[in-house]
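Residue numbers (the working numbering): 6 to 196.
Idealized CB from N, CA, C, for every residue including glycine.
All values derive from a computational prediction rather than experimental measurement.
All remarks here apply to the structure that follows.
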């Protein structure tokens, strides 16, 4: 089984490294993703979702250490929050660096999450880059709770769809989101 998972991860990474976009499972909901350092791939995700909302895109990384590589103004409390989170948590951190410019909103922040999902985490490790993660739906349409709820337009619009056998047991709900300021200011964006 692990060998099959490795094969699926390799296929997905090959597509991502060529600038492709994928449909993949996370610990929350199915996501549309691309290499977060590739501006053209990021633009394709916005186009597929019919969205210009840069605030709606999260990036996934495999650890707090890796998250620190993509933000240069995050307060120390961010790393503690990642460590003690007992459910999916996205932190919006100041000082985004090292990702595609069209992924960074005007205020210069980056939304980062560390998934608690074996396939997803191993995919990010193998990619060696942050992975865009946005819900697998057209903007304004309901977020799909499982693979069967994903609109055909989305399935047809990606370059690779991960087999649903790697879905695991997602929560079916989006992560909580907390925005942190450079001086440790906290704003709860979504519970």
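With a 10 Å radius around its C-beta and 16 neighbouring C-beta atoms as the bar for buried, classify residue i as buried or exposed.
{"i": "residue 194", "result": "exposed"}
{"i": "residue 146", "result": "exposed"}
{"i": "residue 104", "result": "buried"}
{"i": "residue 89", "result": "exposed"}
{"i": "residue 38", "result": "buried"}
{"i": "residue 32", "result": "buried"}
{"i": "residue 192", "result": "exposed"}
Taking the straight line between their C-alpha atoms, what separation do you get for residue i and residue j?
{"i": "residue 82", "j": "residue 76", "result": "14 Å"}
{"i": "residue 156", "j": "residue 25", "result": "19 Å"}
{"i": "residue 150", "j": "residue 34", "result": "6 Å"}
{"i": "residue 7", "j": "residue 117", "result": "27 Å"}
{"i": "residue 132", "j": "residue 66", "result": "10 Å"}
{"i": "residue 20", "j": "residue 40", "result": "10 Å"}
{"i": "residue 128", "j": "residue 190", "result": "32 Å"}
{"i": "residue 188", "j": "residue 72", "result": "18 Å"}
{"i": "residue 80", "j": "residue 183", "result": "13 Å"}
{"i": "residue 10", "j": "residue 49", "result": "26 Å"}
{"i": "residue 56", "j": "residue 101", "result": "21 Å"}
{"i": "residue 52", "j": "residue 70", "result": "31 Å"}
{"i": "residue 3", "j": "residue 113", "result": "Because residue 3 is not part of the residues shown, which for the chain are 6 to 196, the question remains open."}
{"i": "residue 22", "j": "residue 85", "result": "31 Å"}
Could you name the residues that DSSP lists as bridge partners for residue i?
{"i": "residue 97", "result": "116, 184"}
{"i": "residue 195", "result": "182"}
{"i": "residue 177", "result": "None, per the DSSP bridge assignment."}
{"i": "residue 154", "result": "Per DSSP, none; premise fails for residue 154."}
{"i": "residue 40", "result": "136"}
Using 8 Å as the threshold, is the C-beta distance between residue i and residue j below it?
{"i": "residue 181", "j": "residue 63", "result": "no"}
{"i": "residue 36", "j": "residue 144", "result": "no"}
{"i": "residue 44", "j": "residue 119", "result": "no"}
{"i": "residue 173", "j": "residue 123", "result": "yes"}
{"i": "residue 166", "j": "residue 28", "result": "yes"}
Any chance the segment 160–167 sits against the segment 89–100, with 3 or more Cβ pairs inside 8 Å? Between the segment 160–167 and the segment 89–100, the count of Cβ pairs shorter than 8 Å is below three; the stretches do not touch.
How about the segment 11–29 and the segment 104–120: do they share at least three Cβ pairs that are nearer than 8 Å? For the pair of segments examined, the segment 11–29 was found not to touch the segment 104–120: the number of CB pairs separated by less than 8 Å stays below three.
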